Every structure is written in structure tokens, then in C-alpha cells.
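Everything in the sequence shown is counted per our numbering, starting at 0 for the first residue and increasing by one. Beta carbons are placed, not taken as given, at the ideal position from N, Cα and C, and that holds for glycine. Predicted model only: the values in this text are computed from it and were never measured.
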Amino acid sequence: MMDREEMLALYDRQMRIELEIPGEKKEAFPNLVRFVRAAPGMNYVLYSKLEATEVDQVIKEQIDFFSQLDQPFNWKIFEHDEAASLVKQLQAHGYERVDYEYDVIMVLDLEAIPERLLAPVAKDVRRLRQADQLKDVVAVLNNAYGGDFGWLHQRMGPVMEIPGYVDLYAGYENGEPVACGWAFAYPNIEFTAFFGGTTIEAHRHKGWFASILAARVQHARSLGRRYATVGAEPEIQSMLEKFGFERISSAYYLYWQGDQGSSS
Numbered sequence: 000m001m002d003r004e005e006m007l008a009l010y011d012r013q014m015r016i017e018l019e020i021p022g023e024k025k026e027a028f029p030n031l032v033r034f035v036r037a038a039p040g041m042n043y044v045l046y047s048k049l050e051a052t053e054v055d056q057v058i059k060e061q062i063d064f065f066s067q068l069d070q071p072f073n074w075k076i077f078e079h080d081e082a083a084s085l086v087k088q089l090q091a092h093g094y095e096r097v098d099y100e101y102d103v104i105m106v107l108d109l110e111a112i113p114e115r116l117l118a119p120v121a122k123d124v125r126r127l128r129q130a131d132q133l134k135d136v137v138a139v140l141n142n143a144y145g146g147d148f149g150w151l152h153q154r155m156g157p158v159m160e161i162p163g164y165v166d167l168y169a170g171y172e173n174g175e176p177v178a179c180g181w182a183f184a185y186p187n188i189e190f191t192a193f194f195g196g197t198t199i200e201a202h203r204h205k206g207w208f209a210s211i212l213a214a215r216v217q218h219a220r221s222l223g224r225r226y227a228t229v230g231a232e233p234e235i236q237s238m239l240e241k242f243g244f245e246r247i248s249s250a251y252y253l254y255w256q257g258d259q260g261s262s263s
């Protein structure tokens, strides 16, 4: 079992403060890190460590900055930041929580994983290397969750061309995509971040989750990464724990909805 406090310190340093994301502009300050995406993407504050006397002013500065870009923006809140006062101040300035978005932050030590994640993947799991193959991932997500995930073409298509950055997989049953998952190997850190582990409902409980996970774990190890991390939905926390992932924190988002005028 990993030391939680040591892992949190490493996670904060590498996955929030030092993190560089291809295709996104990072702006780092002594007390805050924010990211700007191309329009119409969601901009956000990923990290902040503020003194009580500066919270109000810093919040106003971020609202002023992001509002000029005419794009939506949010502030990511982590459980271990113990930021109750920050949350109250953000809400006073017009930030609101979207309850269904709640990530369980989990980490897997890639040097201490179950053997079944190292075994050859028996199912038809394919690594997708071309941007036009994203249509299969979009099809899985649309089927599994409803809605339209077509925005993935704009978000992920360009970065798929960056060598060694995106690791994207789909699982196929009788030639049709039924599962997907991807990973980002961010530059110059020890973590690979897993996203999108999804299976169409009719094909769940058939080993697709494990197969897509194993493919990403094996590739991350081949890159020399030490850790895999995921912001998991609470419903799949227990599934990931069976594969060696450990919960270190949780996170959610506060979205700016407009200044409420309750602070001066």
C-alpha cells in the first residue's frame, strides 16, 4: 500500500503544478495554475494555494481574465486541499457545482500490479492511431451515455499526431466497436492519466473493461512510466481497486455562472 501523503505531494507537484498539456496554454503563478484551451473549449484553474487574505482578489482576477475569452471556465476543487473557505468564496462570486461530476482520484503503481494486467490481451482490442478512427470511440460513448461526443474529434484529433502522447484503444465484437479507453502520457512526469474506460451496456461484464485497462497499463509501462492515475466515477472505484488502484483523493468542479454581486 502506498503512503497517501507522499503520493498526494507527488500528485500535486506533477499532475497539477508541473503539468504541461499539449494543445493547451498553461499559465503558472506562485499561488495558482490555470489552463486555456482553444475556443470553444472549457478553461480552468487546476491548482491554487491561497492565503485567506488574497482569496477574494484572486477569484476576481480569474473571473476578469477568463470572462474576456468568451468561453466557459471552472475551478477544480480537490478534497485534500481542505478548501472549504475557498469554495464559499467561489460560490459567492457566481461559481456553482454540477453534482454529477465527481471524480475519485486513484493511482496505480505500475511496478506493483496484478499479473492479469500483464498477460496478453485476448480480446479484439485495437490501438487507434489515426484521427479518423475516433469515430469508433465517439460511437461507443454516444451509445453508452447518450448525447453527442463528436467534440472529441476537435479535442483529440490534433494531439493524436504528437508522438508518444495519446494512447487510444477500442474493443470490437464482430467488427463493431463496443468499448474504448485512452491515456495521455504527459511530458516529463511519472504519471500516465487514463480516461474514457467505457463499455456499451449490452457488452458489459464480458471482460472488456479489464482488456482495455490492460492494454493501457502495458503501454504505460513500455514508456517507462511509474504510475497510472484516473479520475474515476464513484461507481467503478471498487472495480479499479481489484486491479490495484488506490484512492488518494476526490475532486469536483465549480463552474462560473455569472457574478452574483455578493462581494465587493
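Per DSSP, residue 240 is one residue of the alpha helix (DSSP H) stretching across 236-240. In the three-state reduction of the DSSP assignment, residue 120 falls in the coil class. According to the DSSP assignment, residue 5 belongs to the alpha helix (DSSP H) that extends over 3-11. Annotation: residue 9 to residue 103 spans about 17 Å, alpha carbon to alpha carbon. With a threshold of 16 other beta carbon atoms within 10 Å, residue 2 falls short and is exposed. The beta carbon of residue 158 sits closer than 7 Å to the beta carbons of 21, 22, 164 and 165 from its chain, once the five residues preceding and following it are set aside; these are given in chain order.
Under DSSP, residue 196 takes part in no beta bridge, so it has no partner. In the three-state reduction of the DSSP assignment, residue 214 falls in the helix class.
The C-beta distance from residue 169 to residue 179 rounds to 5 Å, short enough to meet the 8 Å contact threshold. Taking 3 residues as the shortest admissible run, the segment 85-172 contains the following complete beta strand (DSSP E) segments, listed from N- to C-terminal end: 94-108, 124-127 and 165-172. A direct Cα-Cα distance of roughly 26 Å separates residue 107 from residue 82. DSSP lists 105 as the beta-bridge partner residues of residue 246. The continuous alpha helix (DSSP H) containing residue 60 extends over residues 54-66.
Distances from the alpha-carbon of residue 174 to those of 49, 186, 139 and 28 put 139 closest. In the three-state DSSP reduction, residue 51 falls in the coil class, being neither helix nor strand. In the three-state DSSP reduction, residue 220 falls in the helix class (H, G or I). Within a 10 Å sphere around the beta-carbon of residue 150 sit fewer than 16 other beta-carbons, which makes this residue exposed. Contact annotation: residue 213 and residue 117 have beta-carbon atoms nearer than 9 Å. Taking every protein chain shown into account, the CB of residue 98 has fewer than 16 other CB atoms within 10 angstroms, so this residue is exposed.
Between the segment 189-204 and the segment 221-235 there are three or more C-beta pairs closer than 8 Å, enough to call the two in contact. Proximity of the segment 113-130 to the segment 244-252 falls short of the contact definition, fewer than three beta-carbon pairs being nearer than 8 Å.
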